[in-house]
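Positions in the sequence shown are counted from 1; adding 145 to them yields the working numbering.
Glycine included, every Cβ here is placed at the ideal spot set by N, Cα and C.
Just so we're clear, the structure is a prediction, and the values are computed from it rather than from any experiment.
Report on the structure given below.
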Amino acid sequence: MYVHDQEVAEIDAAVQQLPIPQPFTMGGLARALSEREGKPVKLIGEQLGGTVPCGWLVRTKEVDYVCYPTNTSYLHQLHIVLHEIGHLVLRHHAMAIATLGQSPTDTAVERAAELFATSASRRIWREQQTRNQTQPPQAADVIALGAVFSPVPETAGD
146 MYVHDQEVAE
156 IDAAVQQLPI
166 PQPFTMGGLA
176 RALSEREGKP
186 VKLIGEQLGG
196 TVPCGWLVRT
206 KEVDYVCYPT
216 NTSYLHQLHI
226 VLHEIGHLVL
236 RHHAMAIATL
246 GQSPTDTAVE
256 RAAELFATSA
266 SRRIWREQQT
276 RNQTQPPQAA
286 DVIALGAVFS
296 PVPETAGD
């Protein structure tokens, strides 16, 4: 199964309209989306086990919550957050899941969110590269890069 050309065009447009903060942070993206959407978008990071979905978008009248695992690499966390934000900005409707951990992953909605996350990651990367070519690296950039490649710390009981 694939994403249709019209859907690709809509996803590309949504990615181009995504308010990417400079310098990029996931928290900055959530704040920028909150301003644009007129409703808070809160990131909730937690250590999750392997029997639950990677992330969730929980929408309420007052706030949209993007839940993601912290016990994975920064790049994986970012992809999961962007996937859930894809559901938000593409205006996907919530799907009821009968059994926790048995989410339908091969649906048009999920493929669209995956394409959104991948395209948004590429846009963020390109904009960071352009920014880094015009400005010398800042200490925060070096620290953030180190966090990307640092191993995930093991927790007691693992």
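Notebook entry, point to check: Quick one: is residue 227 buried, meaning 16 or more other Cβ sit within 10 Å of its Cβ, or exposed?
Noted result: Your numbering for residue 227 matches position 82 in the sequence shown. Its Cβ being crowded by 16 or more others within 10 Å, residue 227 is buried.
Next item on the list: Select from 233, 270, 273 the residue whose C-alpha is nearest the C-alpha of residue 188.
Entry: Within the sequence shown, the letter at position 43 stands for residue 188. For the options 233, 270, 273, the alpha carbon positioned closest to that of residue 188 is the one of 233.
Next item on the list: Specify the secondary structure class of residue 178 as computed by DSSP and reduced to three states.
Entry: For the purposes of this step, residue 178 is identified with residue 33 of the sequence shown, where counting begins at 1. If DSSP states are grouped into helix, strand and coil, residue 178 belongs with the helices.
Next item on the list: Check whether the Cβ atoms of residue 193 and residue 186 sit closer than 8 Å, and answer yes or no.
Entry: Along the sequence shown, one-based indexing puts residue 193 at 48. Along the sequence shown, one-based indexing puts residue 186 at 41. Not closer than 8 Å, so no.
Item checked: Given 8 Å, three or more beta-carbon pairs between the stretch 151-159 and the stretch 204-211 -> Touching, no, given that fewer than three Cβ pairs across the two stretches are closer than 8 Å.
Next item on the list: Measuring alpha carbon to alpha carbon, tell me which of 270, 275, 263 ends up nearest residue 159.
Entry: Residue numbering aside, residue 159 sits at position 14 when the sequence shown is read from its first letter. When 270, 275, 263 are compared, the shortest CA-CA separation from residue 159 is found for 263.
Notebook entry, point to check: When the Cα atoms are used, what is the spatial distance from residue 149 to residue 258?
Noted result: For the purposes of this step, residue 149 is identified with residue 4 of the sequence shown, where counting begins at 1. For the purposes of this step, residue 258 is identified with residue 113 of the sequence shown, where counting begins at 1. Taking the straight line from one Cα to the other gives about 13 Å.
Checklist line | Closest Cα partner of residue 212 within the set 255, 268, 164, 229 | finding: In the sequence shown, residue 212 corresponds to position 67, counting from 1. Checking every option, the nearest Cα to that of residue 212 belongs to 229.
Next item on the list: Kindly identify the DSSP beta-bridge partner or partners of residue 212.
Entry: As a first step, residue 212 is located in the sequence shown; it is residue number 67 there, counting from the start. Per DSSP, 189, 201.
Check: With 16 as the cutoff for other CB atoms within 10 Å, does residue 222 come out buried or exposed?
Finding: Here residue 222 corresponds to residue number 77 of the sequence shown, with the count starting at 1. Classified as buried, residue 222 has 16 or more neighbouring CB atoms from the shown chains inside 10 Å of its CB.
Next item on the list: Alpha carbon to alpha carbon, how far is residue 219 from residue 180? Give it in angstroms, no decimals.
Entry: In the sequence shown, residue 180 corresponds to position 35, counting from 1. In the sequence shown, residue 219 corresponds to position 74, counting from 1. Residue 180 and residue 219 have their C-alpha atoms spaced approximately 24 Å apart.
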